[in-house]
Amino acid sequence: MNKKEVIEIRKTLKADDTRIQRICGCYVDGHKQKVAENRDAFLSLQDEELHKYSDILRKTTSGQIGKNLLNLAFPLAEEAEGGKQAALLALRDSELKDDELLEQFYDRVIDTYLYAENYLILAAFGAYDVPGKASDGLEMTDASDYVYNFILCAICPVSLSKPGLVYDSGKNGFRENIQDWMVQMPEVGFLFPAFNDRNTDIHSLLYYSKNPEILHPEITENLLGVEVPMTAGAQKKTFDAIIEETFSDRCDFDVAKTVHENLNALLEGKKEEPEPTPLDKQECLRFVQNCGADADQLADFEKAFDEEAGEKGELMASNLASTRKFTVQSDDVKISVDSARTDLIETRIIDGVEYLMIPVTDNVTVNGIRIRSGRQ
């Protein structure tokens, strides 16, 4: 799913114009025991409840594609009878009305999810009448091509509210806050099937993780049966290692600066496109060549890429670039400048020692003290 398709589905989760028809929940304690369950027609909920559930479901489709929102495809084996995709498809087709299928789903979550405290499993069924689009791309609200049926799952921590004093308007005074078990925003969730090309794609799902560096492989692999890619941080470290290996002892300041500038130029050229920008081996090869790598360095790159990312690996450009800051760091010093002002930093060799040079302007502070330059 691209950014526009995610936004389109998120709009269907608004409390005041929702396409959610049914919502089910299972409250699980820290001992993996089911404490309570509920099954409700979504629109029968009280307004306050409806808005809270809507906020949770919308959060499960928020974030950055390729970072904490991931498009994941099922291997063929999981689509066969008894596979994990087949189980999700049966759950979707039941519209969450089959108690046995729902209990089986809860049991699979409880068996796989690694969490030592209380949490809530939410599963929602929605039906979206997908509007057609005119030749000029405008949405035709009175025309529908088909109905997109989906399930949206969110796993939310449940924790005690903090103790303290609260104002009691009835008594016009303060009293001790009564601690309650509060449902938090989801840690992990997924949308199935994916809404690719504004159409139902039962071969894929959209996966959400609150922390992009903790993707919960127990959920992706054991519950959903899909292979999770490297985290955003791991992709950045992998790319940096590949660049260092490629340029080896010639990986100097100018090379790092060129890589930074070219990555940001690449993203700038793609910023209007709804699709994320994945870089496979060949695209990375062309990128490194544009950064000045010679034939020997390109050969080193191919070897390093296969070792670090895999021959068929992909890296998301947005995970590799630093779009806000250009940072130079040593053991004792860290210098950051605006990403677009790399020209402010240069290297110079003085008495055989290489230095980083930054011009001193008339507006420099040291520990908050404005200083004057030493120029006469």
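Read left to right, the sequence shown gives residues 199 to 574 (my numbering). Note that CB positions come from ideal geometry on N, CA and C, so glycine has one too.
Where residue i falls, given that 16 or more other Cβ within 10 Å makes a residue buried
{"i": "Thr475", "result": "buried"}
{"i": "Tyr344", "result": "exposed"}
{"i": "Gln574", "result": "The predicted model places Gln574 with a pLDDT of 47, which falls under 50 and marks its position as unreliable; any figure quoted below should be read in that light. Per the 10 Å Cβ criterion, exposed."}
{"i": "Ile451", "result": "Checking the displayed sequence, the identity of residue 451 turns out to be Phe instead of Ile. Its Cβ having fewer than 16 others within 10 Å, Phe451 is exposed."}
{"i": "Gln480", "result": "exposed"}
{"i": "Ile319", "result": "buried"}
{"i": "Ala213", "result": "buried"}
{"i": "Ser407", "result": "buried"}
{"i": "Lys369", "result": "exposed"}
{"i": "Lys230", "result": "exposed"}
{"i": "Ala519", "result": "buried"}
{"i": "Met555", "result": "exposed"}
{"i": "Ala392", "result": "buried"}
{"i": "Tyr326", "result": "buried"}
{"i": "Glu206", "result": "buried"}
{"i": "Lys510", "result": "exposed"}
{"i": "Thr258", "result": "buried"}
{"i": "Ile263", "result": "buried"}
{"i": "Tyr139", "result": "Residue 139 is absent from the model: the chain starts at 199 and stops at 574."}
{"i": "Leu542", "result": "exposed"}
{"i": "Ser528", "result": "exposed"}
{"i": "Leu300", "result": "buried"}
{"i": "Ile218", "result": "buried"}
Beta-bridge pairing of residue i - partner residues as DSSP gives them
{"i": "Cys576", "result": "Any question about residue 576 goes unanswered here, given that the chain covers just 199 to 574."}
{"i": "Pro355", "result": "Tyr317"}
{"i": "Tyr405", "result": "Leu268 and Phe388"}
Integer Cβ distance of residue i from residue j, believed to fall under 8 Å
{"i": "Val381", "j": "Val356", "result": "5 Å"}
{"i": "Gly330", "j": "Phe348", "result": "Incorrect: roughly 19 Å between the Cβ atoms, too far for contact."}
{"i": "Asn394", "j": "Met199", "result": "6 Å"}
{"i": "Tyr304", "j": "Cys354", "result": "At roughly 14 Å, the Cβ-Cβ gap does not stay under 8 Å, so Tyr304 and Cys354 are not in contact."}
{"i": "Thr436", "j": "Glu411", "result": "Not quite, the Cβ-Cβ distance comes to about 14 Å (not below 8 Å), so this is no contact."}
{"i": "Leu255", "j": "Leu350", "result": "6 Å"}
{"i": "Phe524", "j": "Thr540", "result": "5 Å"}
Span of the alpha helix (DSSP H), counted from its first residue to its last, around residue i
{"i": "Tyr365", "result": "First-last for Tyr365: Leu363 to Asp366, but that is the beta strand (DSSP E), not the alpha helix (DSSP H)."}
{"i": "Asp399", "result": "Premise fails: Asp399 lies in the beta strand (DSSP E), Asn397 to Asp399, not in any alpha helix (DSSP H)."}
{"i": "Ile567", "result": "Segment Ile567 to Ile569 is the beta strand (DSSP E) holding Ile567; no alpha helix (DSSP H) there."}
{"i": "Glu206", "result": "Lys201 to Lys209"}
Start and end residues, beta strand (DSSP E) containing residue i
{"i": "Gly387", "result": "Val386 to Phe390"}
{"i": "Asp309", "result": "It is not in any beta strand (DSSP E) - Asp309 instead sits in the alpha helix (DSSP H) that spans Asp297 to Thr310."}
{"i": "Val564", "result": "Val562 to Val564"}
{"i": "Asp381", "result": "One point to set straight first is that residue 381 is Val, not Asp, in the sequence displayed. Unbroken beta strand (DSSP E) run through Val381: Trp379 to Val381."}
**Prompt:** Along the chain, which unbroken stretches of the alpha helix (DSSP H) at least 4 residues long are found entirely within the region 414-475?
**Reply:** 430-445 and 451-468
Checklist line | Whole alpha helix (DSSP H) elements within the region 502-554, 4-residue minimum | finding: 515-518
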